[in-house]
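Residue numbers (numbering that gives the first Met the number 0): 0 to 332.
Glycine residues also receive a C-beta, built at the ideal position from the N, C-alpha and C atoms.
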Amino acid sequence: MRSETSTAASGRIPAGGGGLLTSHPDVSPLTSPSHVLSPLTSHTVGEALAATTRLLEAAGLPEPRREAEELYSSLRRRPTSAAWLEREQLIAPSVAGDLEAAAARRAAGWPHAYAAGAACFRGHWLAVDRRVLIPRPETEGLVDVVREWVRAERDHHPTVIADACTGSGAIAVALALEPSEAAIRVIATDCSAEALEVARRNVEAWGLGPRVELRHGDLLEPLAGLRVDAVVCNPPYVAAGEWEGLEPGVRDFEPREALVSGADGLAATRALVLQAHAALRPGGLLALEVDARRGAESAAIAAAAGFESCTVLQDLFGRPRYLRARRSADGRD
Ligand SMILES: C[S@@+](CC[C@H](N)C(=O)[O-])C[C@H]1O[C@@H](n2cnc3c(N)ncnc32)[C@H](O)[C@@H]1O
């Protein structure tokens, strides 16, 4: 089952800063009828945080001060400690306005990352909005599965990786950005043109245009016959009947098509495994995030498609969450 997202973290920001808020209408700043801070007077960060805390407290949020600090640090793409360290600095009116708008969204129940328009994935700040799933901490471990394989495959350089269902581009950005033994190139796909707009923004913000190519379409079909070294994917894997039971922060805000995949939650996994077997070079890697309750079933699907060494690995919480499999080295089915 998909978890709710965590809130702000420390992390690296793109050279250009990545922008404070995305331009999508769903996340444009709210025009609040009464500002919590006068826009005509100078205020410190500390004063802005106090006002934000009062707003969040009035909305009934249980930890308003922490939430206010995390909204500020997410907006600034800084570690949470920035709120304390910068408390005596004057806050720019534009930042104060963004903070107020983000707090109003949070007070209205928006998940933290959508309220701030930013999420931190493996220490890299990404723009997010309601067109994409908020990257989850457990997906960070899926990137490690791929990176460990790249490290072990020293004789295959450079390495072309397909990131199917890229959403915000979190996995693709991390793979292309982090230092690696191989020169990694990523082809990232998504069936949502809107999601790809967000991914494009993140790829460009990190200066990864030459190394991450975005293609629109169903799973691996956009590869159009190209052979790749590895396929990584965090597919939708919630069963249709489980949708109603998701936490409201997930169900009411995140894109349904990013989460739900057929009656048993495995429709995308089944299709992807077949496509991956055709797209991978002999010996290539398949790395998939799976629902913790469907690891064994997902491994059986991969084995039935001809994959070898199908193994379900645990995430940082000790839950079986990653399927790792290998296309046979001699190209046999
Ligand atoms: C669970 S989200 C993963 C997003 C991102 N990779 C991450 O880990 O945060 C799934 C993504 O798959 C996309 N998607 C769903 N079905 C798809 C399909 N058949 N082909 C391509 N993309 C698909 C959705 O639009 C969504 O962006």
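Just reading off the alpha helix (DSSP H) that residue i is part of, what are its end residues?
| i | result |
| --- | --- |
| residue 115 | 111-115 |
| residue 92 | 92-106 |
| residue 150 | 136-151 |
| residue 46 | 44-57 |
| residue 199 | 192-204 |
| residue 294 | 294-303 |
| residue 249 | 247-250 |
| residue 170 | 169-176 |
| residue 65 | 63-74 |
| residue 272 | 266-278 |
Would you call the CB atoms of residue i and residue j closer than 8 Å?
| i | j | result |
| --- | --- | --- |
| residue 94 | residue 74 | yes |
| residue 185 | residue 123 | no |
| residue 66 | residue 82 | no |
| residue 279 | residue 231 | no |
| residue 128 | residue 197 | yes |
| residue 137 | residue 315 | yes |
| residue 112 | residue 133 | yes |
| residue 262 | residue 239 | yes |
| residue 188 | residue 221 | yes |
| residue 105 | residue 48 | no |
| residue 219 | residue 163 | yes |
| residue 92 | residue 252 | no |
| residue 179 | residue 146 | yes |
Which residues in the same chain have their Cβ closer than 6 Å to the Cβ of residue i, if we skip the five residues on either side of it in sequence?
| i | result |
| --- | --- |
| residue 144 | 286, 321 and 323 |
| residue 130 | 193, 194 and 197 |
| residue 181 | 149, 156, 157 and 158 |
| residue 22 | A caution first: residue 22 carries a pLDDT of 37, below 50, which makes its placement in the model unreliable, though a value can still be read off. Nothing meets the Cβ criterion. |
| residue 58 | 106 |
| residue 118 | 112, 125, 127, 133 and 134 |
| residue 33 | Bear in mind that a pLDDT of 46 at residue 33, under 50, signals an unreliable position, so the number given afterwards is only what the model happens to contain. Closer than 6 Å at Cβ, skipping near neighbours: no residue. |
Nearer than 7 Å: is that true of the beta carbon of residue i relative to any heavy atom of ligand 1?
| i | result |
| --- | --- |
| residue 167 | yes |
| residue 190 | yes |
| residue 152 | no |
| residue 339 | Lying outside 0 to 332, the shown extent of the chain, residue 339 is not represented and no answer is given. |
| residue 170 | yes |
| residue 246 | no |
| residue 342 | Residue 342 falls outside the range modelled here, since the chain spans only 0 to 332, and no answer is possible. |
| residue 218 | yes |
| residue 256 | yes |
| residue 145 | no |
| residue 235 | yes |
| residue 52 | no |
| residue 181 | no |
| residue 267 | yes |
| residue 322 | no |
| residue 131 | yes |
| residue 291 | no |
Which two residues bound the contiguous beta strand (DSSP E) that contains residue i?
| i | result |
| --- | --- |
| residue 124 | 123-126 |
| residue 313 | 306-313 |
| residue 212 | 211-215 |
| residue 322 | 319-326 |
| residue 187 | 183-189 |
If residue i sits next to residue j, beta carbons under 8 Å apart, how far is it from one beta carbon to the other, in whole angstroms?
| i | j | result |
| --- | --- | --- |
| residue 326 | residue 282 | 6 Å |
| residue 139 | residue 153 | Not a contact, Cβ separation roughly 24 Å. |
Starting from the C-beta of residue i, find all residues in its chain whose C-beta is less than 7 Å away, skip the five residues before and the five after it, and write them out in chain order.
| i | result |
| --- | --- |
| residue 319 | 291, 294, 311 and 313 |
| residue 175 | 183, 185, 207, 210 and 211 |
| residue 43 | 86, 87, 88, 89 and 90 |
| residue 199 | 213 |
| residue 141 | 170, 231, 233, 286, 288 and 321 |
| residue 276 | 304, 305, 306 and 326 |
| residue 301 | 272, 285, 309, 322 and 324 |
| residue 216 | 188 and 190 |
Under 8 Å Cβ to Cβ from residue i, same chain only, skipping five residues before and after it: list those, please.
| i | result |
| --- | --- |
| residue 15 | Unreliable positioning characterises residue 15 in this predicted model, as indicated by a pLDDT of 47, which lies under 50. The coordinate reading is nonetheless provided below. So the list reads 204, once near-sequence residues are dropped. |
| residue 31 | Legend: pLDDT at residue 31 = 42, less than 50; position of this residue unreliable, value from coordinates given subsequently. So the list reads 99, 100 and 103, once near-sequence residues are dropped. |
| residue 328 | 281 and 282 |
| residue 255 | 242 |
| residue 237 | 0, 1, 245, 258, 259, 260, 264 and 290 |
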